[in-house]
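>
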Amino acid sequence: MSAQDTDIPPSRYVYTMNMLPFVTDEDHIIYLNNPVTHDPSDLDPVEVILLTRLEKNPHEGKTVLTLGGWGVTNAREIQTGVYQFNISNSEYRIHLREYTVEYLVENGESFDRILATLISDLSSGKGDDILYEEMFFNFSVMGRNGALVDMMPYLENDPDLSTEAWLPSIFELMKTDDSLYRFFTGFTFYGYVGNASFLSASDSFSAQRLTELSDTLAPGVTMFPGVSAENMFVNAILYGMEDYIDANGTFYISPEQTQDLLDYALTCGIPGGSDVGYGQDQYVREKQVLFYSEIGNAQMYNQIERMIPGETLFIGSPTLTDTARICSPGTSVAISDATEHPEACWEFVKSLMLPEVQQSIIEIGYFPVGKDAFESFMDQAIHPELRTAAEDTGLDTYDKSAVPEDCVERLKGIVDSLNTTDEVDYLLSQIILEECLPALHGEKSAKDTAEVLNDRVNIYLQSY
């Protein structure tokens, strides 16, 4: 038997130092999991796992499905899901394929080359049955191009699972149009939060509006932390792509829109420089209106609200006419259209909604996508005595005291308002960056920048 045919239960601890296996004799192997906690005096017992050789492989005859991706063997929720699937399914078995072993990304050229190889393998049927997203795949684009299975028909006909199991806003973000090409297990969200003494909840918080507000601030008060002008320009387009794509999939940004974004970036950002930090000190002293943060649990959000004495508003990431409220999926999986076993792959994907898997997300200290698990996570924030030891460990770096109920309600409202994900196209971002730099340096007009952007972006989009 190989290691792929051995079912080792994931550790009940979130973080462990996994020792090398000890071979005691030809029939026995011992694994030790040494817990790592925030408190060095915490002497949790070491987990001891004894493996005994069997005369016959109990999984002989099962059909093997492969799940491949970067970091797939280190994803706790994937480990839990694969373990639950493999010990319960009598016909199929999941084997993990770790891409970091096979593909080394050194630079942009190797990125392009590896991506082309993976897409070619998928097209020819040599790829994995299930894909794990870490850095390469754009599942929405691949789904539209027929490379992935639409899981929506399976979900609609599934007797055990329905859309009601998900947080509504999160399920909408998993969809591409009316199709379901990918699934993710947990999430964080991020963006700017703002001091309400400088802002109004009725404001749009668009790039245009924040440019106007920046001109009204008192001397010594800035709108943003130290963010480079180029990053502000690029992000405003990337997270507002729907403003520039028509029904035929054609990208168009006008010279006027380009000029508005240049004004925003130059007014609110740092020209020709790199991001210089989150500016927490200035924000706390109320010398800065916005503060940037990622939020993965109620404890994190409560700490942010307590940074200033007044009301905190969640702004998100400004686009030209609106604001992006960005969900960051923890783990995304999709089913290859080349698989010969789509029904079995769906059985695995839906198993990621099992309580055991959703629980593993909570134990990391991040939001689960399941409605019931999320509500349980919020209840634990209000009533910390409900947390188990494992759930408590996931919050080791945060204030574990009770979160006020009204703070939790505001947090729920933000989660309900999330409207995009951070799964932006790296190559597209590089195109936008290359073309905005001359304009930000005063070397190219908004009209010329818009013209070149339209040409390059459309050529790139048509290459998929």
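Each residue of the sequence shown is one higher than the last, beginning at 3 in this note's numbering. Virtual Cβ for every residue (Gly too), placed ideally from N, Cα, C. None of the values given here were measured: they were computed from a predicted structure.
(1) Let me check one thing: in DSSP terms, what residues is Val236 bridge-paired to?
(2) Just checking my contact of Ile132 with Ile363 at CB under 8 Å: how many whole Å lie between their CB atoms?
(3) Let's see if you can read the secondary structure: which residues bound the alpha helix (DSSP H) around Leu67?
(4) For Glu313, does the count of other Cβ atoms within 10 angstroms reach 16, so buried, or fall short, so exposed?
(5) Quick check: what's the CA-CA separation for Glu232 versus Phe226?
(6) Just grab the DSSP bridge partners of Asp401 for me.
(7) Within its chain, find whatever has a CB closer than 8 Å to the CB of Leu439; leave out the 5 residues flanking it on each side and keep chain order.
(8) Along the chain, where does the beta strand (DSSP E) containing Arg99 start, and where does it finish?
(9) Along the chain, where does the alpha helix (DSSP H) containing Asp217 start, and where does it finish?
(10) Does the structure place the region 355-372 close enough to the region 161-168 that three or more beta carbon pairs sit under 8 Å?
(11) So is Ala383 in contact with chain B if we call contact Cβ pairs under 7 Å?
(12) What residues match up with Asp7 in a beta bridge as DSSP calls it?
(13) Taking the Cβ atom as the reference point for each residue, do Glu100 and Val66 lie within a distance shorter than 7 Å?
(14) Mind reading off the beta-carbon distance from Ser319 to Tyr194? Whole number of angstroms is fine, and I expect it under 8 Å.
(15) Inspect the CB distances between the region 190-208 and the region 284-304 and report whether three or more fall short of 8 Å.
(16) Quick check: Gly298 and Thr399, are their CB atoms within less than 7 Å of each other?
(17) Terminal residues of the continuous alpha helix (DSSP H) containing Asp450?
(18) Buried or exposed: Val236, going by 16 or more other Cβ atoms within 10 Å of its Cβ?
(19) Under 7 Å between the Cβ atoms of Glu393 and Glu365?
(20) Straight-line CA distance for Glu62 to Thr8?
(21) So, at 6 Å on beta carbons, what are the nonlocal neighbours of Gly396 in its own chain, with the 5 sequence-adjacent residues on each side left out?
(22) Looking at the strands, I want to know which residues DSSP matches up with Asp27.
(23) Compute the Euclidean distance between the alpha carbons of Ser126 and Ile434, then round it to the nearest angstrom.
(24) Would you give the residue range spanned by the beta strand (DSSP E) that Ser199 belongs to?
(25) Please classify Leu56: does DSSP put it in a helix, a strand, or coil?
(26) In the DSSP output, what is Thr190 paired with across the bridge?
(27) CB-CB under 7 Å to Met302, same chain, minus the five flanking residues each way: which ones, in chain order?
(28) Return the residue from the list Val351, Arg389, Thr341 and Glu411 that minimises the CA-CA distance to Gly148.
(29) Applying the criterion that 16 or more other CB atoms from any shown protein chain within 10 Å of the CB defines a buried residue, is Ser256 buried or exposed?
(30) Out of Leu34, Asp29, Ser13 and Val459, which has the shortest C-alpha to C-alpha gap to Thr252?
(31) Alpha carbon to alpha carbon, what distance is there between His343 and Glu349?
(32) Excluding the 5 residues preceding and the 5 following Pro273 in the sequence, name in chain order all residues of the same chain whose CB lies nearer than 7 Å to its CB.
(33) For Tyr134, does the three-state DSSP call read helix, strand or coil?
(34) For Thr213 and Cys270, which I take to be in contact (beta-carbon distance under 8 Å), what is that distance rounded to the nearest angstrom?
(35) Is the beta carbon of Met234 less than 7 Å from the beta carbon of Ala267?
(36) Going by other Cβ atoms of all chains shown within 10 Å of its Cβ, with 16 needed for buried, is Thr390 buried or exposed?
This is what the structure gives:
(1) Looking at the DSSP assignment, Val236 forms no beta bridge with any residue, so it has no partner.
(2) In this structure Ile132 does not touch Ile363 by the C-beta definition: roughly 19 Å separates them, more than the 8 Å allowed.
(3) Where Leu67 is concerned, there is no enclosing alpha helix (DSSP H), although the beta strand (DSSP E) it sits in stretches over Thr65 to Gly71.
(4) By the neighbour-count rule (16 or more Cβ atoms within 10 Å), Glu313 is not buried but exposed.
(5) So the alpha carbons of these two residues sit roughly 14 Å apart.
(6) For Asp401, DSSP records no beta bridge to any residue.
(7) In the same chain as Leu439, and ignoring 5 residues on each side of it, the C-beta atoms closer than 8 Å to its own belong to Glu232, in chain order.
(8) If you look at Arg99, you'll find it in the beta strand (DSSP E) that goes Tyr94 to Glu100.
(9) Premise fails: Asp217 is in no alpha helix (DSSP H) and is neither H nor E.
(10) The region 161-168 vs the region 355-372: in contact.
(11) Structure shown: chain B not included; a single protein chain is present.
(12) For Asp7, DSSP assigns no beta-bridge partner whatsoever.
(13) It is not a contact, given that the beta carbons lie outside the stated cut-off.
(14) With 8 Å as the limit, Ser319 and Tyr194 qualify as a contact, their Cβ atoms being about 7 Å apart.
(15) Taking a cut-off of 8 Å on C-beta distances, the region 190-208 touches the region 284-304, as three or more cross pairs fall below it.
(16) Contact: no.
(17) Element bounds for Asp450: Ala448 to Gln464.
(18) For Val236, the number of other beta carbons within 10 angstroms of its own is at least 16, and it is reported as buried.
(19) In this structure, Glu365 lies closer than 7 Å to Glu393 by Cβ.
(20) Straight-line measurement puts the Cα of Thr8 at about 12 Å from the Cα of Glu62.
(21) Correct list, in chain order: Val16, Glu365, Ile366 and Gly367.
(22) According to DSSP, Asp27 bridges with His30.
(23) For Ser126 and Ile434, the distance between alpha carbons rounds to 32 Å.
(24) If you look at Ser199, you'll find it isn't in any beta strand (DSSP E); DSSP assigns it neither H nor E.
(25) In this structure, Leu56 counts as coil in the three-state DSSP scheme.
(26) Paired residue(s): Ser330.
(27) Cβ-Cβ distances below 7 Å link Met302 to Tyr400 in the same chain, with the five nearest sequence neighbours on each side left out; the list follows chain order.
(28) Nearest in C-alpha terms to Gly148, of all of Val351, Arg389, Thr341 and Glu411, is Thr341.
(29) Taking a 10 Å sphere around the C-beta of Ser256, we find fewer than 16 other C-beta atoms and assign the residue as exposed.
(30) Considering only alpha carbons, the answer is Val459.
(31) When rounded, the distance between both Cα atoms is 10 Å.
(32) The beta carbon of Pro273 is closer than 7 Å to those of Ala231 and Leu442 in its chain, skipping five residues each way along the sequence.
(33) For Tyr134, the secondary structure class from DSSP, reduced to helix, strand or coil, is strand.
(34) Sure, about 6 Å apart at Cβ, within 8 Å.
(35) Yes, the pair counts as a contact, with Cβ atoms nearer than the cut-off.
(36) Thr390 comes out exposed.
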